[in-house]
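Presented below is the structure to which this report refers.
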Amino acid sequence: MADTNNGQDDLLYSYDSFGEKKKPADNNFLWWCSGAHQKLLKQFPSEHSKYSGLGAVLLATFVLATISAGCAVYTVFGNWLWTIAFAIIWGLIIFNFDRFLVSTMRKYGVSRRKQIMMALPRVALALLIGVVIARPLEMKIFEKEINVKMTKNLHDKIRLNDSLLAMEYKNQLSNADSERQRLLGRKLAIEDTLHNLRSAYLQEADGTGGSRQRGIENITRLKQDAFNLARDQFAPELLLLEQNMKSQENITDAAKASMEDKRKQFEQTAMANRGFLERNKALADLSAEEGSVFWASWLISLLIILIEIGPVLSKLMMPLGPYDVALAKEELLHMANEEGEIRKDKVERFERRKIYHEKQKEMSDTLAEKVVQLQQKNIDRELDKWERGEWEPEDHRASMDEVMRKIKSQYQFKEDDLL
C-alpha cells in the first residue's frame, strides 16, 4: 500500500516541478518610476502591484508629454531631428516633475485632511502641466478639420487684405480714371467735330448734303479747307490728349501692379506663417462655431488632464500600507540617528569647552599662587634690606597679566594645547 502511494506521489505535479524559483530582480523599473524605496518595498509583496501601477501611470504621462511636445515642435520647425530631441527632453522634464510630486507625498502619521491640503499645490501644478500637454494632442487629433479651417481663414484674410488694398488705392485709381474719362470726352468731342466737317465737304462733293448740287467746286473746297484747318488746329491738342491718356493709363496700371504685388506678398507670408498659433486659432474657431467640436475637444482635454494628475490622485487615494509605515519608520530612525549625532557632537564640544575652562582656571590658579609666593619672597627680601638699612624702593612691579604673557611667550604655550 505504501508503495502504491509512493507511486501516486511520483505522478503528481506541483508548481515547483515546472522550474526552479527565480530570485526576484534587485531593481524594478516601474518601482523606480513611482519613486519608491525599492529595497524596502521588496519586503512587502502586497505593495508591489500598487507601486507598479503607480509607476505605469507615471510612465504614461511621460509618453503623453513626449508625443505632445513632438507634435508642437514639428508644427513649428518641421524638422524630425529637433522634434525627437526636444520631445524626449520635454517628456523627461514632465516625468521628473511628476515623480518628484509623487515621491514627496507621505501617508503615515498624516491626517486625510492634511494629505489633501498638501496635495492641492501638487494637483494645481499637475493640472497646469496637463493643460499644456493636452492642446498639441487635440490639434493632432483634429488635424484634418484644422487644415480645412486654416484654409478658410487664409481665404478670409486674403479677401480682407484685398478690400484694404482696394480702399488704399481707391482714390488714386478713381482720380486717374476720372481724368482719363475727361480727356477721352474731349478727344471724342474733337473727333466728332472733325468727323462732321469731313462729312460736310464729302457730302457737298457728291451732292448728298449741303446745297444738294453736285459739282459746285467752290463750296466743296471751302468746306474741305474748313476741315483741313480744323484738323491742323486740333492736331497738337489731340496729340497732347493721347499722351495724357497714356499717362493716366500708366498710373492705373502701376497702381494695379502694386496692388497685385502686395496681394501676392501677403498671400505668400500668410501661407508661410501657418504655424502653431494659426492651428491653435483654427481649433478655437472650430470650437466656437461647432458645439460637437467644442465638447469633443473639452472631453479630450479633460481625459489628458486626468491622466496627467493621475499619479498625484492615485497616491492620494492609495490606502495606508505596510510599506508606508516601514518607510516612515526608516525615515524617523534616520532622523533620530542624525539628531543623536548632532546632540552627541554638541555634548562633545561642551565637554571640550568645559575641560578647556577647567585647565585655564587651574593654570591661572597655579600662576597666581606662584606670583603670590614670588611677591611674598620679594617683600621679605625688601624688608630684610630695610632692616639692614639697604632698602631702595623699586619703581615698578610686573602685574600678574604681564607675568602670564611672559611665561606663555617664553615656553611657547598655547591655550589649545590644553585640549
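Here our numbering is used: the first residue of the sequence shown is 935, the next is one more, and so on. Ideal Cβ positions, reconstructed from N, Cα and C, are used throughout, including at glycine. Predicted model, so just to flag it, every value in this text is computed and none were measured.
{"Check": "Pick out the complete alpha helix (DSSP H) segments inside the segment 1203-1270, 4 residues or longer, and give them in chain order.", "Outcome": "1210-1223 and 1225-1251"}
{"Check": "Which same chain residues end up closer than 8 Å to ALA1164 when comparing Cβ atoms and leaving out the 5 residues on each side of it in sequence?", "Outcome": "THR1127, LEU1128 and LEU1131"}
{"Check": "DSSP on GLY1064, reduced to helix/strand/coil?", "Outcome": "helix"}
{"Check": "Leaving out five residues on either side along the sequence, give the residues of the same chain with a beta carbon under 6 Å from the beta carbon of PRO1245.", "Outcome": "VAL991, LEU992, ASP1032 and VAL1036"}
{"Check": "With LEU1220 and LEU1175 assumed to form a contact (beta carbons below 8 Å), what rounded beta-carbon distance in angstroms separates them?", "Outcome": "Actually they do not touch by this definition, with Cβ atoms about 58 Å apart."}
{"Check": "Taking all protein chains shown into account, do 16 or more other C-beta atoms lie within 10 angstroms of the C-beta of PRO1170, making it buried, or fewer, making it exposed?", "Outcome": "exposed"}
{"Check": "For THR1085, name the three-state secondary structure that DSSP assigns.", "Outcome": "helix"}
{"Check": "Does the distance from the C-beta atom of SER1002 to that of PRO1055 stay below 7 Å?", "Outcome": "no"}
{"Check": "Could you check the C-alpha separation between GLY1025 and ILE1063 for me, to the nearest Å?", "Outcome": "11 Å"}
{"Check": "Have a look at GLU1108 and TYR1135 and give me their C-alpha separation to the nearest angstrom.", "Outcome": "It is worth fixing the name first, because residue 1108 is Ser in this sequence and not Glu. If you take the alpha carbons of SER1108 and TYR1135, they lie about 41 Å apart."}
{"Check": "Suppose you measure from the CA of PHE1194 to the CA of GLU1183; what does that come to, to the nearest Å?", "Outcome": "First, the amino acid is wrong: residue 1194 is Glu here, not Phe. For GLU1194 and GLU1183, the distance between alpha carbons rounds to 16 Å."}
{"Check": "Mind the definition here: the segment 1082-1099 touches the segment 1211-1227 only if three or more C-beta pairs lie below 8 Å; say whether that holds.", "Outcome": "yes"}
{"Check": "Whose C-beta lies closer than 7 Å to the C-beta of ASN1178 among residues of the same chain, with five residues either side of it excluded?", "Outcome": "LEU1117"}
{"Check": "Quick check: the Cα distance between LYS1280 and GLU1296, rounded to an integer number of angstroms?", "Outcome": "24 Å"}
{"Check": "Could you have a look at THR1038 and say whether DSSP puts it in helix, strand or coil?", "Outcome": "coil"}
{"Check": "Alpha carbon to alpha carbon, what distance is there between LYS984 and LYS957?", "Outcome": "The pLDDT assigned to LYS957 is 48, lower than 50, so where the model puts this residue is not dependable; a value taken from the coordinates is nonetheless given after this. Their backbone Cα atoms lie some 21 Å apart in a straight line."}
{"Check": "Sorted by chain position, which residues of the same chain lie with C-beta nearer than 6 Å to HIS1330's C-beta, five sequence neighbours on each side aside?", "Outcome": "Because the pLDDT of HIS1330 is 46, which lies under 50, any placement of that residue in the model is unreliable, and the question is left without a value."}
{"Check": "Within the continuous alpha helix (DSSP H) that includes PHE996, where are the two ends?", "Outcome": "982-1011"}
{"Check": "Below 8 Å, can you find three or more Cβ-Cβ pairs linking the segment 1095-1110 to the segment 1239-1254?", "Outcome": "no"}
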